[in-house]
Structures are given as structure tokens and as C-alpha cells.
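Beneath this line is the structure, given in C-alpha cells, with notes to follow.
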Amino acid sequence: MITLPPDYRPTDDEEFMNPRQLEYFRQKLLRWRQDLLREAGETLASLSIGGISEADLTDRASVETDRALELRTRDRARKLISKIDQALERIENGTYGYCEETGEPIGLRRLEARPIATLSIEAQERHERMERVHRDD
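The sequence shown runs 2 to 138 under my numbering.
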């Protein structure tokens, strides 16, 4: 187990995906996962409080719309938790931080912004261009 200083941030001066960087991203992913699970628990608690008791039809529609939006948000969070779990698995098996298409490093700035990234920026852009071409067909 590696202990990181509280102000540690990965830099390009270090060896890419050294044990300190891996621990940094592992902790970041675990915190993110914990936050998502906590929010999901809060949503579940608020939804289980009871039915819609609004007498006014407009108020009732508004509450139902809010609940539907919250459920869609929770569904996105569930999918995100799955991606976080996959990223944690990649940390364990030594493939985290490397593009799954090219094997090249993804880059610290991209991983800092999107720690679940599996593609380098170049590979992601190629992937999105191909999606647009096939979507337009």
C-alpha cells in the first residue's frame, strides 16, 4: 500500500503509471464511486418516502417529471459505477492509463479529467468520426 502526500498530483516528469500514479487514480476512482453510491442511496430514500400527494395536476406533473429525471440520472450513475469498476480492474491488471486500441499512454491530463477513459484523445476522435459516418448512413 502506497501512502500519497495530500497535495500529490501526477506529473509528466514521473514515469508514466508508476505505483504512485496508479494509487492516485485508484483513490480518485474509489472516491468517485463512493460519492455516486451515496447519492444513489439518497435518491432511493427520497423516492421511498411515499407517493405523490400533490392535489394540483400541474404540481403533480412537475413532481413526476422531477422523479423521472432523477431516475434517469441514477441510471447514468449506475452505468458510470460499472465503468469505474472496470477502470479499477485495469489498475489491478496493469493496463490502466493505456489506450485499448493503440496501447499508447492515454495522458495524465485526460485521465485527470476523465479517469475512466480507455482511449487516447486521438483514438477517441477517430472513434467519434467513425460513429458520425455510420450514423449518417
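All C-beta atoms in this analysis are idealised placements derived from N, C-alpha and C, irrespective of residue type, glycine included. Predicted, not measured: the structure shown is a model, and the values here were computed from it.
Reduced DSSP category for residue i - H, G, I as helix; E, B as strand; rest coil
| i | result |
| --- | --- |
| Pro11 | coil |
| Tyr99 | strand |
Segment limits, alpha helix (DSSP H) that includes residue i
| i | result |
| --- | --- |
| Asp57 | No alpha helix (DSSP H) contains Asp57, which DSSP labels as neither H nor E. |
| Glu143 | There is no way to answer for residue 143, as the model of the chain reaches only from 2 to 138. |
| Leu109 | Leu109 to Ala114 |
Sub-8 angstroms separation of residue i and residue j beta-carbons
| i | j | result |
| --- | --- | --- |
| Leu37 | Pro116 | no |
| Tyr99 | Glu105 | yes |
| Phe26 | Leu81 | no |
| Trp33 | Ile85 | yes |
| Arg21 | Leu45 | no |
| Ile3 | Glu24 | yes |
| Arg77 | Ala41 | no |
| Glu90 | Ala124 | no |
| Leu72 | Pro11 | no |
Length of the line joining the Cα atoms of residue i and residue j
| i | j | result |
| --- | --- | --- |
| Asp8 | Arg68 | 39 angstroms |
| Leu70 | Asp14 | 44 angstroms |
| Met131 | Thr119 | 17 angstroms |
| Arg127 | Arg136 | 14 angstroms |
Buried or exposed (CB count within 10 angstroms, at least 16 for buried), residue i
| i | result |
| --- | --- |
| Thr66 | exposed |
| Ile107 | buried |
| Ser121 | buried |
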